[in-house]
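Only one structure is covered here, and it is reproduced in the block below.
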Amino acid sequence: MIQVAIMGHGTVGSGVYAVFEMNAREISRAVGQPVEVKYVLDLRDFSSLPYADKFITDFSVIENDPEVTVVAEVMGGVGAAYEFTKRCLKAGKSVCTSNKELVATHGEELLALAKAHNVNYLFEASVGGGIPVIRPMMQCLAANRIDEICGILNGTTNYILSEMIHKGVSFEDALKQAQALGYAENDPTADIEGHDACRKICILSDLAFGDKIDPNEVSCQGISKITLKDVALADELGYVIKLIGRAKRAENGKIYAFVAPHLVAKSSPLAAVEEVFNGIMVTGNAVGEVMFYGQGAGKLATASAVVADMMDAIAHADKRRPVEWGDGSEKLLLPLDALESAWYVPGEAPEAIVDRKIDGAVITKPMTANALHEAVGEAAGAMRVL
Ligand code: HSE
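Under numbering that gives the first Met the number 0, the residue at position 260 of the sequence shown is numbered 259, and the numbers go up by one with no gaps.
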């Protein structure tokens with residue numbers, strides 16, 4: 000019998016417990032013995048639950064219990080989650096997390112700590128919810144130089160945009176629905192303003208390019224200024240609006256990384272990624288383009304990735320998964336201004352930069368952000384075209 004603990008009983012934490020219950024037989028068969036959740040750490044009152052006896056409020060119970068070898072950190076944030084993760088790793092326990100903020104902010108330090116204590120720090124659920132993307136990048140694409148990552152990385156904003164595009168639902172109403180469905184962060188600003196997608200593109204970049212890309216240095220724009228009028232103009236031009244996280248290797252080995260709403264051609268596979276689903280395209284110099292697709296948020300989908308990591312940590316108790324990246328000293332990030340693209344500009348633009356035009360909007364020729372601003376001034380509402 001293997002004993003594990005769950006830190007946090009919110010949407011994902013309760014999902015982790017549910018997956019262990021629901022799929023006990025499959026999990027036991029894959030691991031080779033039963034896995035029991037010994038503790039659930041949460042300060043709130045869950046005394047009405049059938050597994051109320053599992054709940055504890057004192058972290059040191061987990062820390063000091065040698066029977067607990069693998070811990071799920073599904074608390075979120077970088078306060079107690081950071082502290083408890085470090086203490087678990089130092090106590091020789093593997094930690095598996097969905098906490099993208101913590102991985103994006105302190106991943107390099109926690110991975111180094113895991114290495115020093117010969118345990119695993121695994122974070123499949125931190126990007127793309129239930130979609131396998133971290134492990135495939137670490138293993139199946141390991142023989143490639145990664146040249147570009149481009150994707151829809153936030154389920155909440157994709158849900159909101161899908162509702163706006165297909166049902167004409169207002170931004171505010173679509174957000175309320177996404178919250179009710181358990182997709183949004185506690186403070187949905189992180190979703191709407193792109194910070195959540197930014198953390199995820201940083202984690203994928205850390206893995207792909209080997210050095211920390213700091214989310215605070217990455218240009219990040221959300222969807223709060225997108226209007227139903229933009230949606231209608233984009234549609235007339237043959238596009239849908241998607242919030243895209245991108246990281247692209249430049250010829251000199253440096254990286255452009257950013258999050259911004261884009262116009263995506265209706266013929267692109269990313270345009271077909273609807274509702275809470277995420278789609279992540281990765282370009283490797285040997286494999287070419289591959290795409291990962293699935294539910295990017297939600298209780299059981301995200302929990303499935305956390306539990307699979309816990310099973311992997313159990314299987315690799317004696318031989319940890321080698322994963323690490325640098326502390327950011329390579330300074331890989333390039334200023335975004337130099338990255339050329341075509342642009343959607345609501346309103347008018349000088350003929351010299353226009354590629355296509357309809358009543359109310361323009362698609363420009365490929366150009367840098369600086370050149371666009373010189374041509375049309377502030378260009379409020381302009382979006383890159385993918
Ligand atoms: N709020 C996040 C999203 C949850 O909507 O994608 C999954 O990371």
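Ideal placement from N, C-alpha and C gives every residue a C-beta, glycine not left out.
Three-way DSSP call (helix, strand, coil) for residue i in this model
i, result
"L333", "coil"
"S59", "helix"
"S93", "strand"
"R86", "helix"
"Q138", "coil"
"R245", "strand"
"F45", "coil"
"A256", "strand"
"T386", "A query on residue 386 cannot be resolved here, the shown segment of the chain reaching from 0 to 385 and no further."
"N369", "helix"
"M21", "helix"
Any non-hydrogen atom of the ligand HSE closer than 8 Å to residue i Cβ
i, result
"V275", "yes"
"Y166", "The question names Tyr, yet the displayed sequence has Lys at residue 166. No, since every heavy atom of the ligand HSE falls outside the 8 Å radius drawn around the Cβ of K166."
"K99", "yes"
"D190", "yes"
"E184", "yes"
"A179", "no"
"D64", "no"
"L152", "yes"
CA nearest to the CA of residue i, picked from the options
i, options, result
"S223", "A233, K298, G244 and G193", "G193"
"V69", "G31, A124, G297 and M310", "M310"
"E147", "K247, L242, R198 and G76", "K247"
"H8", "P33, D44, A29 and G31", "D44"
"N284", "A142, G76, E62 and L101", "A142"
"E25", "S303, R383, E339 and P345", "S303"
"G76", "T96, V344, A307 and F58", "T96"
"P260", "G359, R383, H315 and F276", "R383"
"L48", "Y16, V126 and D195", "Y16"
"A465", "N117, H315, E72 and V118", "Since the first and last residues shown for the chain are 0 and 385, residue 465 lies out of range."
"K356", "L236, M290 and A300", "L236"
"M0", "V230, E66, V60 and T56", "E66"
"V305", "A51, Q2 and V73", "V73"
"N185", "E123, S27 and N98", "N98"
Cβ shell of residue i (< 6 Å), same chain only, five flanking positions each side left out
i, result
"A348", "V361 and V375"
"A368", "D336"
For residue j and residue i, the rounded distance between their alpha carbons
i, j, result
"R144", "G287", "10 Å"
"G278", "Q32", "35 Å"
"D354", "V39", "58 Å"
"M280", "Y343", "22 Å"
"T282", "K253", "16 Å"
"R245", "G150", "7 Å"
"C219", "E162", "23 Å"
Cut-off 8 Å between Cβ atoms - residues of its own chain near residue i, not counting five sequence neighbours on either side
i, result
"E323", "E107, L110, A111 and K114"
"V217", "C197, I200, C201, A256, F257, V258 and L332"
Contacts around residue i, its chain only, beta-carbon distance under 7 Å, and the 5 residues preceding and following it disregarded
i, result
"P187", "T155, L174 and Q178"
"G209", "W324 and G325"
"K298", "T10, V11, S13, G14 and G181"
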